[in-house]
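Undergrad: In my numbering, the protein residues as written are 1 to 224.
Note that CB positions come from ideal geometry on N, CA and C, so glycine has one too.
1. If you measure between the beta carbons of residue 13 and residue 179, is that distance less than 9 Å?
2. Along the chain, where does the beta strand (DSSP E) that runs through residue 181 open and close?
3. With three or more C-beta pairs closer than 8 Å as the rule, is the segment 131-144 touching the segment 53-67?
4. Starting from the N-terminal side, write out each stretch of the beta strand (DSSP E) that is 3 residues or longer and does not extend beyond the segment 47-82.
5. Decide if the segment 163-172 is in contact with the segment 191-207; the criterion is three or more beta carbon pairs, one per stretch, under 8 Å apart.
6. Using a 10 Å radius around the Cβ and a threshold of 16 neighbouring Cβ atoms, would you call residue 161 buried or exposed?
7. Can you check DSSP and say which residues form a bridge with residue 146?
8. From residue 146 to residue 114, what does the alpha carbon distance come to, in whole angstroms?
9. Taking the alpha-carbon of residue 17 as reference, which of 40, 3, 26 and 97 has the nearest alpha-carbon?
10. What are the boundary residues of the alpha helix (DSSP H) that includes residue 91?
11. What's the gap between the Cα of residue 205 and the Cα of residue 80?
12. Comparing C-alpha positions only, which one of 45, 159, 51 and 167 sits nearest to residue 92?
13. If we cut at 9 Å on Cβ distances, does residue 68 have a partner in chain C?
14. Helix, strand or coil for residue 218, going by three-state DSSP, please let me know.
15. Measure the CB-CB distance between residue 95 and residue 49 and report whether it falls below 9 Å.
16. Alpha carbons only, please: which of 98, 154 and 150 is nearest the one belonging to residue 10?
17. Nearest to residue 119 by CA position, among 33, 27 and 24, is which residue?
18. Smallest Cα separation from residue 23: which of 44, 85 and 89?
19. When we look at the beta-carbon of residue 83 and count the other beta-carbons within 10 Å, is it buried (16 or more) or exposed?
20. Can you list, in chain order, the residues of its chain whose CB lies under 8 Å from that of residue 78, leaving out five sequence neighbours each side?
21. Mind checking who residue 152 pairs with in its DSSP beta bridge?
22. Classify residue 171 as helix, strand or coil using the three-state DSSP reduction.
23. Can you tell me which of 76, 6, 65 and 100 puts its alpha carbon nearest to the alpha carbon of residue 27?
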C-alpha cells in the first residue's frame with residue numbers, strides 16, 4: 001500500500017487558491033473544494049458567478065439570514081452582496097460560453113500533465129452523476145482553468161496521472177493544479193512544481209505523482 005501523506009485541509013487549499021484570483025475578476029466556482037473559496041475573498045472586488053443564475057454571490061450563508069432560493073452550484077445557501085443579480089440559466093451559460101469568466105475553479109478526480117482532467121464519473125467506485133453537464137462549457141469558456149483537488153486517493157494512489165482513465169471533462173485546457181501537497185502549473189514542457197507542502201521533499205512528492213515533475217528554480221513551500 002502506498003505511503004499516505006497528510007497535507008493541507010480542504011479549507012486551506014481554497015484559501016491558497018483565493019490568492020491566485022485578482023481584484024476585478026469574474027470567477028465561477030465548481031462543486032466541492034472550489035465553493036470554499038467564497039469564504040476567503042470577502043471585501044475584495046471579485047464577482048463570483050453561480051451557473052444556476054446568480055452573479056456576485058457572497059460567502060456561504062452562516063453569518064447572514066439563510067434564503068434557500070439563493071444558492072451556489074453545490075445547492076448551498078449563500079449570502080447576497082450589494083449589486084447581486086439574478087437571471088435564467090440560458091443567460092448564465094451565455095456568459096460562460098462567451099468567455100466572460102476570467103477564472104474557473106473546478107474539482108477533479110484525476111488530472112494529467114497535458115491539461116486534461118476528469119471530474120464527473122469514477123467507474124471504479126460506481127460514482128456517476130449522470131453526465132458531464134455544464135463543466136465542459138465552463139472549461140471551454142474559461143480564460144484560466146484551475147483545478148482544486150486532493151493529491152491522492154484515500155488509499156494513497158496518485159490522482160495526478162500520466163493518462164486519465166476516467167471519462168474526460170476537458171482536454172488540454174487546465175492551467176494550474178492546486179492540491180493538499182503542491183501548487184503546479186501546466187506548461188508546454190510538462191508539470192512545473194512551484195510550491196510544495198512544508199517539510200515535504202520533492203522525492204516524496206514525486207513518489208505520489210505519476211508524471212515527471214519539473215522543479216521550478218524558485219520552488220518554495222506553500223504560503224498561506
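TA: In this structure, then:
1. yes
2. Counting along the chain, residue 181 falls outside any beta strand (DSSP E), and DSSP gives it neither H nor E.
3. no
4. 47-50 and 54-60
5. Touching, no.
6. Per the 10 Å Cβ criterion, buried.
7. Its beta-bridge partners are 105 and 176.
8. About 13 Å.
9. 40
10. 89-97
11. 40 Å
12. 51
13. The chain labelled as chain C is not found in the depicted structure, where only one protein chain is given.
14. strand
15. yes
16. 150
17. 33
18. 44
19. exposed
20. 38, 50, 54, 57, 58, 59, 60, 61, 70, 71 and 72
21. 158
22. coil
23. Of 76, 6, 65 and 100, the residue nearest in Cα terms is 100.
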